Amino acid sequence: MANPTKVPFLDLVTPHQELEAELMAVVKKAFSTAGFIGGPMVEDFEREFAAFCDTKYCVGVNSGTDALRFAFMAAGVEQGDIIITVPHTFIATTEAISQAGAQIAFVDINEQTYTMDPERLREYLETKCEFDSRIGKLIERSSMRHVVGIVPVHLYGQTADMDPILELAEKYKLFVIEDACQAHGAEYFSKKQNAWKRAGTMGLAAAFSFYPGKNLGACGEAGATTTNDEALAKRMKMIRDHGQAKKYYHDTEGYNGRLDSIQAGWLSVKLRHLKKWNESRRTLAHRYHELLAEAKDAVILPVEAAWTKGVYHLYVVRVQDREALQAFLAEAGIGTGIHYPIPLHLQKAYEHLKYKNGDFPVTERAALEIVSLPMFPQLSESQQEEVAMKVREFASARVAAS
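When you line the sequence shown up against this note's numbering, it's residues 2 to 403, in that order.
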């Protein structure tokens with residue numbers, strides 16, 4: 002029987018205990034004003050998060066999934082249009098595409114960063130598509146559908162390589178909407194602009210999730226879209242509120258996708274601590290690098306590309322026998338996770354897309370080997386040393402047996 006967990010995979014109790022007085026003040030404010038939906042707390046958070054991301058606008062919604070879906074709708078996606086993304090992400094990325102009426106096309110990931118491989122994107126655009134200059138749109142040859150957008154996923158807290166992706170998007174007149182749901186505060190160095198850019202500032206828009214376990218997490222469901230496009234922000238505000246331009250005046254059908262004011266207030270409180278938390282995650286990640294260096298023959302450590310400053314939403318390693326490592330760590334009372342074990346193109350939900358094993362080999366290899374180790378800002382040095390010691394023990398045994 003496994004020991005009681007002494008190093009949890011994620012600790013959501015401690016930060017809320019530390020911030021309890023500030024969080025409860027938000028609840029009292031909402032109770033005293035009966036401001037539960039929209040209002041000043043939502044507007045304040047939207048303004049604060051836009052400033053944090055260095056964008057002009059932020060639209061708060063009730064989940065990261067809706068942040069993506071509403072962004073697609075506001076961007077003018079039409080029924081049957083194709084949007085390109087990666088198969089190594091949570092299904093919310095592709096659900097949002099489908100639910101906006103679009104079709105999904107996948108390209109593979111980079112072996113080291115696990116984010117969209119620009120060369121695979123280029124290959125898809127050049128070999129499977131053709132630009133129709135008469136209508137100014139890219140057409141996928143096999144389906145004759147319009148290709149309209151790209152969704153790079155900033156995964157595990159590291160940004161995708163955006164310069165070449167944006168270059169291809171401009172060449173083929175495609176929008177780029179960033180899935181930044183795991184990248185609150187992550188940065189990308191754009192050689193083209195010779196500047197560091199925050200995740201959420203580089204595409205037409207970007208989606209953020211504030212699911213409780215994120216670097217910036219609500220105490221329930223919440224999300225937001227950032228953009229510098231005023232018209233898109235206005236359309237999203239209508240979409241999230243039943244298509245209303247003003248109360249009871251509906252310019253279109255929309256959704257009930259608003260951000261609760263209490264969640265927005267809590268996010269404002271936590272946003273003040275996010276920079277410190279992200280710095281703690283980076284420190285912990287670099288310490289993991291050092292503690293696990295001698296296990297590199299059996300454990301592949303995460304690589305932070307030169308063009309990114311990751312915020313380590315997750316610390317993901319790769320091993321040949323993942324289940325054995327997880328069992329070994331569980332016996333020692335150490336929690337782990339897998340993000341994500343089954344590539345989306347092989348999920349039952351997407352059988353109709355007719356993808357098969359072997360179509361995206363990098364994603365498929367990674368999916369068999371990835372393990373997420375404990376990572377949260379309050380992880381202590383002793384806890385981290387315990388994790389690293391057990392991983393090294395496992396690696397040594399595997400090397401000795403080989």
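Where is the CB? At the ideal position from N, CA and C, for every residue including glycine.
Just so we're clear, the structure is a prediction, and the values are computed from it rather than from any experiment.
From S99 to V388, what does the alpha carbon distance come to, in whole angstroms? 40 Å
Could you tell me the distance, in whole angstroms, from the CA atom of M74 to the CA atom of P9? 39 Å
Any contact of the segment 120-132 with the segment 375-388, i.e. 3+ C-beta pairs under 8 Å? no
Residue of M376, R399, R366 minimising C-alpha distance to D109: R366
Under the DSSP definition of a beta bridge, which residues are partnered with R197? According to the sequence shown, residue 197 is Trp rather than Arg. The partner list for W197 (beta bridge, DSSP) reads F190.
Quick one: is E280 buried, meaning 16 or more other Cβ sit within 10 Å of its Cβ, or exposed? exposed
Starting from F50, trace the alpha helix (DSSP H) both ways and give me its first and last residue. 41-54
Can you tell me whether H185 is buried or exposed, with buried defined as 16 or more other CB within 10 angstroms of its CB? buried
Can you tell me whether M2 is buried or exposed? The criterion is at least 16 other CB atoms within 10 Å of its CB, across all chains shown. With a pLDDT of 42 at M2, under the threshold of 50, the modelled position of this residue cannot be trusted, and the question is left open.
Give the DSSP-derived three-state secondary structure of Y341 in the structure shown. coil
Any idea which residues DSSP pairs L139 with across the strands? F132, V148
When you compare only the Cα positions, how much space is there between T227 and A76? 13 Å
Please name the residue in I140, L345, A101 whose C-alpha comes closest to that of G255. A101
Buried or exposed by the 16-neighbour rule on C-beta atoms within 10 Å, applied to S403: exposed
Sorted by chain position, which residues of the same chain lie with C-beta nearer than 6 Å to P165's C-beta, five sequence neighbours on each side aside? P119
DSSP three-state assignment for S373, whether helix, strand or coil: strand
For P342 and E305, what's the separation of their Cα atoms in angstroms? 22 Å
Go ahead and label M25 buried or exposed: buried means 16 or more other beta carbons lie within 10 angstroms of its beta carbon, across all protein chains shown. exposed
Report the residue ranges of all alpha helix (DSSP H) runs contained in full by the segment 218-286; include only those spanning at least 4 residues, in chain order. 231-240
Residues near M376 by beta carbon distance below 7 Å, same chain, minus five either side: R282, L285, Y313, L315, Y316
With H, G and I counted as helix, E and B as strand and the rest as coil, what does DSSP make of F329? helix
Which residues mark the beginning and the end of the beta strand (DSSP E) in which D180 is found? 176-180
According to the neighbour-count rule (16 or more other Cβ atoms, all chains shown, within 10 Å of its Cβ), is P378 buried or exposed? buried
Put T309 into one of helix, strand or coil per three-state DSSP. strand
How is the beta strand (DSSP E) around T66 delimited, first residue to last? Note, T66: premise wrong, no beta strand (DSSP E); alpha helix (DSSP H) at 65-75.
Is the Cβ-Cβ distance between V400 and D298 less than 7 Å? yes
For F209, report the span of its alpha helix (DSSP H) as first-last. No alpha helix (DSSP H) holds F209; the beta strand (DSSP E) holding it covers 206-210.
For the beta strand (DSSP E) that D98 lies in, which residues bound it at each end? The residue asked about is misnamed: residue 98 is Ile in this sequence, not Asp. Looking at the DSSP string, I98 is not in any beta strand (DSSP E); the run it does join, the alpha helix (DSSP H), is 93-100.
Does the segment 58-75 come close enough to the segment 199-209 that 3 or more CB-CB pairs lie under 8 Å? yes
C-beta contact flag for A234 and V60 at 7 Å: yes
Helix or strand or just coil, what does DSSP make of Y125? helix
Whole angstroms are fine: how far does the CA of H147 sit from the CA of I136? 10 Å
Test item: CB-CB of F71 and M239 under 7 Å: no
Can you give me the start and stop residues for the beta strand (DSSP E) that F395 sits inside? Segment 382-402 is the alpha helix (DSSP H) holding F395; no beta strand (DSSP E) there.
Using the C-alpha atoms, what's the distance from M390 back to W267? 37 Å
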